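Worksheet for the structure shown next.
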Amino acid sequence: LGDWVFEQAARQQVQWAREGMDLKISVNLSPRQFRDPELLNRLARIVTATAAQPARLELELTESMLLGVAPHTHETLDDLRRMGFSISVDDFGTGYSNLAYLNRFPIQVLKVDKTFVQDIEANRPVAELIVSMCRLMQLHIVAEGVETPAQLEWVQTQGIGQYQGYLFAKPLPATAFVQRVRA
């Protein structure tokens, strides 16, 4: 299933590029996929078969997938970066929030979990600390779960350039997404 999802994302990236839309597509990797010794070979085959641009495909991992000192983790992330993929940590702040791995691993994007954004008054100090830390570490920041104008205002005042959430749109089929982007 994970390979099928990745292949669909790769095909969509190619189609949108042909239509003049230079969009990056994020794809979640499951822990099982990430631990599979054939992951790199499978992703390489899919990229070759679809003619996708790895630089326009972002692989999302959860915090828990980065825990431990397994050499496999660091080597796999390094290999994925060499292949051209960007790596993001999804739902940051909800799990173990080990700051050491942010510095140790080749991560480019940190997605701040929606729990910080959706209850910003209660979580403001921690949310602002995460944003500051991302800036210091030169990580790209994405705010998750933005559903209200007030949440978007906080995102904007923090200088966060990207967000995801129902305020922009609920999940859409690819054709409806293209219509919305073009509108």
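The number in the working numbering is simply the position in the sequence shown, starting from 1, with 219 added. Idealized CB from N, CA, C, for every residue including glycine. All values derive from a computational prediction rather than experimental measurement.
What does the alpha-carbon distance come out to for the pair residue i and residue j?
i: PHE398; j: GLY239; result: It is worth fixing the name first, because residue 398 is Gln in this sequence and not Phe. Cα to Cα, the separation comes out at about 13 Å.
i: ARG264; j: ARG251; result: 19 Å
i: THR295; j: VAL331; result: 23 Å
i: ALA165; j: ILE326; result: Because residue 165 is not part of the residues shown, which for the chain are 220 to 402, the question remains open.
i: TRP235; j: LEU248; result: 22 Å
i: ARG343; j: ALA388; result: 24 Å
Using a Cβ-Cβ cutoff of less than 8 Å, which residues in the same chain neighbour residue i once the five nearest sequence positions on both sides are dropped?
i: VAL246; result: VAL224, PHE225, ALA228, LEU276, GLU277, LEU278 and GLU279
i: PHE311; result: GLU282, LEU329, LYS330, VAL331, ASP332 and ILE349
Take residue i and list the residues in its own chain whose beta-carbon comes closer than 7 Å to its own, dropping the five residues that flank it on each side.
i: ASP298; result: LEU259
i: GLN231; result: ILE244 and ALA393
Counting along the chain, where does the alpha helix (DSSP H) carrying residue i start and finish?
i: ILE360; result: No alpha helix (DSSP H) contains ILE360, which is instead part of the beta strand (DSSP E) from 359-362.
So, are the CB atoms of residue i and residue j less than 8 Å apart?
i: ASN322; j: MET356; result: yes
i: LEU285; j: PHE324; result: yes
i: VAL374; j: TYR385; result: no
i: PHE304; j: PRO256; result: no
i: ILE339; j: ILE360; result: no
Give every residue of the same chain whose Cβ lies closer than 6 Å to the Cβ of residue i, excluding the five residues on either side of it in the sequence, and list them in chain order.
i: GLN377; result: VAL350
i: GLY221; result: SER249 and GLN252
What residue does the beta strand (DSSP E) around residue i start on, and which one ends it?
i: THR367; result: From DSSP, THR367 is part of no beta strand (DSSP E); its letter is neither H nor E.
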